[in-house]
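Colleague: Using the numbering used here, the letters of the sequence shown map in sequence onto residues 8 to 478. Glycine included, C-beta positions come from ideal geometry on N, C-alpha and C.
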Amino acid sequence: MTEKTNPSAGQLETGTTRRKFIAATASATAVASALPIELSAQVAGSDEIKVGMIGCGGRNSGAIIQNLTANDGSRLVAIAEAFQDKIDGNGPRGKGLPAIKQQLDKDGRGKQVDVPESRQYVGFEAYKQLIDEVDLVCIATPPGFRPIHFEYAVQAGKNIFMEKPVCVDAHGYNRVIEAAKLADEKNLKVVVGLQRHYQKSYLEAFKQVHENGLLGEIVGAQAWWNGSRPWIIPRQEGWTEMEYQMRNWYHFVWLCGDHIAEQHVHNIDVINWFVSGDSINGGNPVSAQGMGGRAGTEPRSVGEIFDHHYVEFRYGADQGNVVFNSQCRHIPDTWRSVAEEIHGTEGIAYLGGNNPSITDRKGKMLWQYREARGQKDANPYDVEHQELYRHIREDIPINNAYYGAKSSFTSSLGRLATYTGQNITWDEAVKSDFSVMPENYAFDAEPPVKPDADGNYDVAIPGQRKLPWKA
Ligand SMILES: NC(=O)c1ccc[n+]([C@@H]2O[C@H](COP(=O)([O-])OP(=O)(O)OC[C@H]3O[C@@H](n4cnc5c(N)ncnc54)[C@H](O)[C@@H]3O)[C@@H](O)[C@H]2O)c1
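1. Below 8 Å between beta carbons: does that hold for W280 and Y410?
2. In three-state terms, what does DSSP make of Y357?
3. Would you check if the distance between the CB atom of V84 and the CB atom of N74 is smaller than 8 Å?
4. Tell me the rounded alpha-carbon separation between D459 and E311.
5. Tell me, which residues are paired with L83 by DSSP?
6. As a quick exercise: from R153, R82, R321, pick the residue whose alpha carbon is nearest that of P172.
7. Going by other Cβ atoms of all chains shown within 10 Å of its Cβ, with 16 needed for buried, is W342 buried or exposed?
8. Who are the Cβ neighbours of K477 in its own chain at under 8 Å, not counting the five residues just before and after it?
9. Got a sec? Which residues, its chain only, sit under 6 Å from R422 by beta carbon, not counting five neighbours each side?
10. List the DSSP bridge partners of S418.
11. Less than 7 Å between C-beta atoms, sequence neighbours within five positions excluded: which residues of the same chain meet that for S414?
12. Would T148 be called buried (16 or more neighbouring beta carbons within 10 Å of its own) or exposed?
13. At the level of alpha carbons, what is the spacing between H392 and A212?
14. Tell me which residues share the same chain as P43 and place their Cβ nearer than 6 Å to its Cβ, disregarding the 5 neighbours each side in the sequence.
15. Would the beta-carbon of V161 fall within 8 Å of that of L195?
16. How far does the beta strand (DSSP E) with F259 in it extend, from its first residue to its last?
17. Which same chain residues, not among the five before or five after K473, have their C-beta less than 6 Å away from its C-beta?
18. What are the start and end residues of the alpha helix (DSSP H) that includes L474?
19. For G505, is the beta carbon positioned less than 7 Å from some heavy atom of ligand 1?
20. When the distance is taken between beta carbons, is A186 closer than 8 Å to F157?
21. What do you reckon, is the C-beta of A160 under 7 Å from a heavy atom of ligand 1?
22. What ranges does the alpha helix (DSSP H) occupy inside the segment 412–459, keeping only unbroken runs of at least 4 residues that lie completely in it?
23. Just to confirm, does I107 get its C-beta within under 7 Å of one of the non-hydrogen atoms of ligand 1?
24. Can you give me the start and stop residues for the alpha helix (DSSP H) that W280 sits inside?
25. Helix, strand or coil, according to DSSP, for A228 in the structure here?
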């Protein structure tokens with residue numbers, strides 16, 4: 008994919024309301040604070056905002072509804088997609104634009120969608136046309152592309168919602184961090200779909216830990232994403248290898264980052280957040296070592312990712328030398344859990360689920376979260392869009408890209424550790440600037456990995472797989 012600076016970067020359309028609302032040129036700098044955002048009630052908005060979505064799959068079909076619902080004046084005007092059938096809703100795994108329209112009609116919001124064929128952009132370069140013509144972009148493609156799309160959107164001066172993970176390698180991490188700095192300079196508002204930061208139970212637990220000190224000093228942590236097996240789309244005749252991998256993106260490192268990034272990033276992010284105590288910039292471990300592999304629940308003809316990882320992440324002395332054991336697995340009929348646990352000198356926090364709690368070291372309950380009587384907590388997937396618009400409207404800095412990038416790259420560090428069997432430091436991995444992405448993006452281009460003569464992909468063997476910067 009060629010990257011170039013968008014000549015229209017920072018330029019705004021005229022119109023007082025839009026100018027006030029979008030305000031993409033100012034110079035405000037993000038103010039770092041150690042405390043989480045406060046959830047606010049939804050603010051109804053009528054300012055007209057042109058919204059575009061990049062990726063028209065499962066998540067963005069929901070995210071776009073949540074986005075448009077958070078601001079009455081927003082209109083979905085363009086879609087960028089790798090495949091036309093995903094927009095039309097007749098490809099594998101997807102309901103596309105018809106389902107989005109149907110839902111918005113049902114909600115009485117049908118007027119908020121206007122995407123004629125002329126604004127349906129298809130292919131690897133489609134994101135550029137889309138970003139050039141909208142005010143706000145919702146990005147939910149496979150994460151390998153995130154740094155490219157995010158960087159271009161920032162250069163073009165657009166406000167951004169982007170899904171997690173936000174990178175799958177060091178080069179992507181470094182690009183996201185640099186683009187995040189530029190986003191601050193341009194006073195852009197950036198929200199990342201690590202929705203636990205917008206979930207009341209987690210925010211309350213964070214306060215108990217960091218304001219009320221219920222854990223004492225944090226000394227250790229544990230987290231799990233032990234869940235279900237990912238989907239597989241059978242190879243079809245006529246597909247190039249690139250098309251097969253794009254359709255099955257979950258199974259390839261360059262697109263997905265492996266299961267440890269794609270799903271487990273949520274839990275890893277919670278641990279980075281609670282250990283660092285920093286809700287704005289986040290934190291990261293200083294090293295990782297672990298083990299993992301492919302127990303063989305699916306044939307090697309499907310893809311290259313592991314089906315289990317167990318990583319020991321270590322944080323620096325400034326963060327109490329905390330040790331965090333991270334575990335993720337997608338093997339059928341094994342124990343399931345998606346949760347986090349944080350151990351302190353005075354207590355243990357049990358997060359995940361609707362009722363997180365904190366006990367003392369002997370199990371006596373110190374605090375338990377409950378929704379207010381007769382009320383259901385706001386859905387964090389809604390809140391993240393409400394907060395994005397509130398920050399735009401009130402011109403308050405918000406930029407989740409820093410913690411989003413750190414948590415995403417923590418997952419990559421874990422993957423490097425399990426694939427190679429080595430103990431790897433954060434600094435050497437970041438400095439290496441290694442990339443797992445292809446040289447060219449086209450359906451007839453070479454992807455970075457290919458099946459062997461028997462149709463099987465190479466799966467990493469610890470001890471034999473080299474670190475990318477030492478290979
Ligand atoms: N926060 C959450 O709880 C949550 C939940 C689900 C998914 N997600 C994230 O959302 C992202 C997408 O996941 P999904 O489940 O929607 O996958 P999906 O496969 O359903 O959708 C992704 C879409 O992006 C398209 N695409 C691929 N490359 C593209 C490119 N270069 N340009 C434009 N379009 C491209 C695909 O064709 C597909 O339609 C992932 O990063 C995932 O982790 C987050």
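Modeller: With the given structure in hand:
1. Residue mapping note: residue 280 aligns to position 273 of the sequence shown, counting from 1. Residue mapping note: residue 410 aligns to position 403 of the sequence shown, counting from 1. Against a cut-off of 8 Å, the Cβ pair of Y410 and W280 comes out as a contact.
2. Position 350 of the sequence shown, counting from 1, holds the residue named residue 357. Strand.
3. As a working note, residue 84 is residue 77 in the sequence shown. As a working note, residue 74 is residue 67 in the sequence shown. The answer is no: Cβ separation not under 8 Å.
4. Within the sequence shown, residue 459 is the residue found at index 452, counting from 1. Within the sequence shown, residue 311 is the residue found at index 304, counting from 1. Rounded to whole angstroms, D459 to E311 spans 12 Å at the Cα level.
5. Mapped onto the sequence shown, residue 83 falls at position 76. BP columns for L83 point to V58, V120.
6. In the sequence shown, the residue the question calls residue 172 occupies position 165. Among R153, R82, R321, the Cα nearest to that of P172 is on R153.
7. As a working note, residue 342 is residue 335 in the sequence shown. With fewer than 16 other Cβ atoms within 10 Å, it is exposed.
8. Here residue 477 corresponds to residue number 470 of the sequence shown, with the count starting at 1. Nothing meets the Cβ criterion.
9. On the sequence shown, residue 422 is found 415 positions in, with the first residue counted as 1. The residues are D265, I267.
10. The sequence position of residue 418 within the sequence shown is 411, counting from 1. According to DSSP, which records beta bridges pairwise, S418 is partnered with nothing at all.
11. Residue mapping note: residue 414 aligns to position 407 of the sequence shown, counting from 1. Within the same chain, S414 has close Cβ partners L201, V272, I275, D276, N279, G289.
12. Your numbering for residue 148 matches position 141 in the sequence shown. The residue is buried, with at least 16 neighbouring Cβ atoms inside 10 Å.
13. Residue numbering aside, residue 392 sits at position 385 when the sequence shown is read from its first letter. Residue numbering aside, residue 212 sits at position 205 when the sequence shown is read from its first letter. Roughly 22 Å separates the two Cα atoms.
14. The residue given as residue 43 occupies position 36 in the sequence shown. Bear in mind that the predicted position of P43 carries a pLDDT of just 43, short of 50, making it unreliable; the figure below should be weighed with that in mind. Result list for P43: L210, F213, S286, in chain order.
15. For the purposes of this step, residue 161 is taken as residue 154 along the sequence shown, with counting starting at 1. For the purposes of this step, residue 195 is taken as residue 188 along the sequence shown, with counting starting at 1. Yes, these two residues count as a Cβ contact at 8 Å.
16. The residue you call residue 259 lines up with position 252 of the sequence shown. Where F259 is concerned, there is no enclosing beta strand (DSSP E), given that its DSSP letter is neither H nor E.
17. Reading the sequence shown from its first residue, position 466 is the one you call residue 473. There are no such residues.
18. Within the sequence shown, numbered from 1, the residue matching residue 474 stands at position 467. Premise fails: L474 is in no alpha helix (DSSP H) and is neither H nor E.
19. With the chain represented from 8 up to 478, any question about residue 505 goes unanswered, as that position is not in the structure.
20. The residue you call residue 157 lines up with position 150 of the sequence shown. The residue you call residue 186 lines up with position 179 of the sequence shown. Contact flag set, yes.
21. Taking the sequence shown and counting its residues from 1, one reaches residue 160 at position 153. Checking every heavy atom of ligand 1 against the Cβ of A160, none is found closer than 7 Å.
22. 433–439
23. Start at 1 with the first residue of the sequence shown, and residue 107 comes out as number 100. Checking every heavy atom of ligand 1 against the Cβ of I107, none is found closer than 7 Å.
24. Within the sequence shown, numbered from 1, the residue matching residue 280 stands at position 273. Taken as a continuous stretch (DSSP letters only), the alpha helix (DSSP H) holding W280 covers 272–283.
25. Your numbering for residue 228 matches position 221 in the sequence shown. In the structure shown, A228 sits in a strand (DSSP, three-state: E or B).
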